[in-house]
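**Student:** Would you mind keeping the following structure in view while I ask a few things?
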Amino acid sequence: MREAFPDAMVGGYESLIDGMTNDPKDRHVLAAAVRANAEVLVTFNIADFPEPALKPYDVLAAHPDDFLLDQLDLYPAQTLDVLHHQARAYRREPTTVPGLLVLLGRTGVPHFAAEVRRHL
1 MREAFPDAMV GGYESLIDGM TNDPKDRHVL AAAVRANAEV LVTFNIADFP EPALKPYDVL
61 AAHPDDFLLD QLDLYPAQTL DVLHHQARAY RREPTTVPGL LVLLGRTGVP HFAAEVRRHL
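Last residue of the sequence shown: 120 in full-length UniProt numbering, with the numbers rising by one and none dropped.
Given below as structure tokens:
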């Protein structure tokens, strides 16, 4: 994460952890999202981020499949460009967008993968 997305690193959230009311094992995640002024917390683990715990901070929890579908709807050209870039960047398979979509479909974002196929 530090190498691929250095701007995504958040510090200074530790003092917020004790005030979080979501699942104790994931309070650091919500605290970091709050410190970063995130609007959306993207996670496969939606159950540990109930709405009452998020509402005071105006943060929404979104499953990656839903988040990526939103990105595709809002920014179709950019989303497809990112997928092409990601596929080309792989050293091993998949090195094509259709191959990448197979992988994405198997790893938790099947609706996004199916919708992208309709755009190709």
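Quick reminder that beta carbons are idealized off the backbone N, C-alpha and C, glycines included.
I need the boundaries of the alpha helix (DSSP H) containing Val-102, first residue and last residue.
**Tutor:** Element bounds for Val-102: 97 to 106.
**Student:** Under DSSP, the alpha helix (DSSP H) around Val-116 begins and ends at which residues?
**Tutor:** 110 to 119 is the span of the alpha helix (DSSP H), which, as asked, contains Val-116.
**Student:** By Cβ distance, which residues of its chain are closer than 6 Å to Ala-32, with the 5 residues on each side in sequence left out?
**Tutor:** Excluding residues within five positions, the ones whose Cβ falls inside 6 Å are Val-10 and Tyr-13.
**Student:** Using beta-carbon positions only, say whether Val-82 and Ala-62 come within less than 8 Å of one another.
**Tutor:** Contact: no.
**Student:** Met-1: buried (16+ other C-beta within 10 angstroms of its C-beta) or exposed?
**Tutor:** Classification of Met-1: exposed, given that the 10 Å Cβ count is below 16.
**Student:** Which of helix, strand or coil does DSSP assign to Val-40?
**Tutor:** Three-state result, Val-40: strand.
**Student:** Can you find the residues in the same chain that come closer than 7 Å, C-beta to C-beta, to Val-109, ignoring five residues on each side of it along the sequence?
**Tutor:** For Val-109, where only same-chain residues beyond five positions count, the Cβ hits under 7 Å are Pro-64, Asp-65 and Leu-68.
**Student:** Flag this pair as touching only if the region 16 to 28 and the region 52 to 62 have three or more C-beta atom pairs under 8 Å; answer yes or no.
**Tutor:** Yes, the region 16 to 28 is in contact with the region 52 to 62.
**Student:** Quick one: give me the first and last residue of the beta strand (DSSP E) that Leu-80 is part of.
**Tutor:** No beta strand (DSSP E) contains Leu-80, which is instead part of the alpha helix (DSSP H) from 76 to 89.
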